[in-house]
Each structure stands twice: as structure tokens, then as C-alpha cells.
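Okay, so here's the structure we're looking at.
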Amino acid sequence: MPDASADSARPRALSDATALHRERLLPSIGVWIVGIAFGSVLGVILVPLSHVLSLAVGIIGIVGVCVMLAMASPVLEVSGGTLRAGRAQIPVDLLGEPEVLDKDGWSVAMSVGFEPLAFHLTRGWVHTGVRVPVLDEADPTPAWVLSTRRPEDLALALRSARSQHS
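Here the working numbering = 1-based position in the sequence shown + 44.
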């Protein structure tokens, strides 16, 4: 009889192997620097008590902040006929033609062209993205607007997934 843990690990492994696009939206260098500075300040506060304690708390603070920044970074993934953006997901056959937003297009989309009813997964340190219209008439969300450092790759993955699942 097969091991149940092996069966539960198999779908995730297949999902990773067949991902057409996968990207974690990690923070920019500036955010990492601020996070490291914040973590080290936790140790500096304790200098009057003990230098050893101060150093230990500072190192733990830096590592903790860096881990939290990495863990809080959302993942964009196109696999198995589904677009996943963070915890949200939508079947690709409910999506229209993706629009690649370069730096100028992104600036417009985040200012005068902002769509308040659209689903947004954006990060201030990523200045390019993709806008994908939602074709489901029952869905009040007109589009998904996603930050990505590789907008052409994400758009190509969405087109490929749509052609495979239609």
C-alpha cells in the first residue's frame, strides 16, 4: 500500500514542474536595508544592559526581519490552467488577453488609470506589471492588475495556458 505522505507530496511536485511562470515578488534592496536597520536597532536598544545580549538580540532581529520580508512576499504562478497571485487564484480560461505594462504604462495604471474594482496585487518596489481582463460576466472584478518584474514572461505564460486549456 502506498504511503499517504508520498501521495500528498506528489501533486505539489507536479505543480512545480509544470509551472509556466513562477515569480516571488521579493522586496527591493532599499526595503532590505531598512529591514536590516530595524532589526539591528532592536539590539542597540539593549547596549546599556549587556553587549553580548545586545549583539544576540540584534542578530536575531536582523534574521527575523529578513525571514518575515521573504515570507510575506507573494508568489505569482501560472500552472495547471490557473493563475495564482498570492492567495488569490482564477482559471486562465476566464481571463482575456494580458496587457504588458512597462514603466510608463504602470505609472498610468497606478494613477489616473487606476481601476478601483479590479483585483490588485501590487508592490511599490516593482514598477512594471500586467493587466488581465476578467471575461466572466458574473464576476464584478473587471481585471487583475499584477506587479511583476517579468511582465512579458507572465503574459506569455498566460497566453500559453489559455491555449492549452481552451
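All C-beta atoms in this analysis are idealised placements derived from N, C-alpha and C, irrespective of residue type, glycine included.
Please read all numbers here as calculations on a predicted model, not as lab measurements.
According to DSSP, is P177 part of a helix, a strand, or is it coil?
strand
Put S123 into one of helix, strand or coil per three-state DSSP.
S123 falls in the strand class under three-state DSSP.
Mind checking whether A81 and V136 have CB atoms under 7 Å apart?
no
At the level of alpha carbons, what is the spacing between L113 and I89?
So the alpha carbons of these two residues sit roughly 22 Å apart.
As assigned by DSSP and simplified to three states, the class of S59:
Caution applies to S59, whose pLDDT of 44 falls short of 50 and renders its modelled position unreliable; the model cannot decide the point.
Considering only C-alpha positions, which residue in the set P177, D148 and P142 is nearest to E159?
P177
List the whole-angstrom C-beta distance separating L139 from L202, where the pair is believed to meet the contact cut-off of C-beta under 8 Å.
6 Å
Is it a yes or a no for the region 160 to 179 touching the region 138 to 152, going by three-plus beta-carbon pairs under 8 Å?
yes
Beta-bridge partners of E196, as assigned by DSSP
According to DSSP, E196 bridges with nothing at all.
Comparing alpha-carbon positions, which option in D180, G83, A116 and C110 lies nearest A100?
G83
Does A199 pass the burial test, meaning 16 or more other C-beta atoms within 10 Å, or should it be called exposed?
buried
Which two residues bound the contiguous beta strand (DSSP E) that contains H95?
Boundaries around H95 are those of the alpha helix (DSSP H), H95 to M115, since no beta strand (DSSP E) includes it.
To the nearest angstrom, how far is the alpha carbon of A13 from that of G105?
For the chain, the structure presents residues 45 to 210; residue 13 sits outside this window and is missing.
Are W188 and T172 touching if we call contact CB-CB under 7 Å?
no
Nearest to P71 by CA position, among D183, D146, V109 and V85, is which residue?
Among D183, D146, V109 and V85, the Cα nearest to that of P71 is on V109.
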